[in-house]
Each structure stands twice: as C-alpha cells, then as structure tokens.
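Below you'll find the structure, written out as structure tokens, and then a few comments.
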C-alpha cells in the first residue's frame, strides 16, 4: 500500500519535507520569483498550507540558495540553514536560523560571510 500527497502551486524550490510531531508536514525551500526562503506547514486532512516564516535571500538572479532544514523534537524547533552561492564578487553567505513553528519567530544563530565548505546536511545534536 502506498500513500501520496499532492500540493498544487507550490513555489519552485520547495524540496525539504519534514514530518511534524503534531501531524502534518513542514515544507521548506525557496521561491525564486519572490526571492524568499519559505517554511510552510501542511496540516493533516487536506487543510490549506500555512506560512510559518519567510527568510529573505539575495542571489542577484544567478544562483538559487541551498536550504536545509531539520527538526529538533526536544525543543520543538526547526533549524534552517540557508546557504547563498557566491555572487558576482565572490561573496557567499551561510546563515543558521532557529524557527518556532507555533509562532513563526526566528532567531539568527550564526552567520558566516565566507564558509569553508558548502553544506550538505544538518543534524540536530543534544547540548553537552
């Protein structure tokens, strides 16, 4: 038996899907038309999508950002890593945000102007 979920008219860069502890799905990625990074919540039972938060990005029309998202069940928070490719001056940016799904409040945890590596994964770990 297989299950399928279809959402129409999603922005072009939505590619991260996380299962919510409260039912439903978190969808994260970017919208290249509006130049914004999005975290969406898809409630269960076919209710409409809700925007949890929006994070701006600059790509100067050249590259799309890399958006990696993970869920920390202990804090019930989402962590969003936003990596922006180098622009025409070679400047790149990587930012780590903590997002509270219930309120959409976002906290910038770290920002690096020229990271030494391009991100490929984000894994939450316990403190200590």
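Residue numbers (our numbering): 6 to 133. Glycine included, C-beta positions come from ideal geometry on N, C-alpha and C.
query                                                                                                                                                                      : result
Contact check, residue 73 vs residue 86 under 8 Å by CB: the rounded distance?                                                                                             : 4 Å
Just to confirm my understanding: we take residue 82, look at its own chain, exclude 5 residues before and 5 after, and list those with CB closer than 7 Å. What are they? : 103, 104, 105
Is the separation between the beta-carbon of residue 36 and that of residue 16 shorter than 8 Å?                                                                           : yes
Which two residues bound the contiguous beta strand (DSSP E) that contains residue 73?                                                                                     : 71-77
Take the Cβ of residue 112 as the centre, count every other Cβ of all protein chains shown within 10 Å, and call the residue buried at 16 or more, exposed below.          : exposed
Going by other Cβ atoms of all chains shown within 10 Å of its Cβ, with 16 needed for buried, is residue 107 buried or exposed?                                            : exposed
Within this structure, are the beta carbons of residue 24 and residue 30 separated by less than 8 Å?                                                                       : yes
Does DSSP put residue 105 in a helix, a strand or coil?                                                                                                                    : coil
Would you mind working out which of 39, 53, 43 sits nearest residue 22, comparing C-alpha positions?                                                                       : 43
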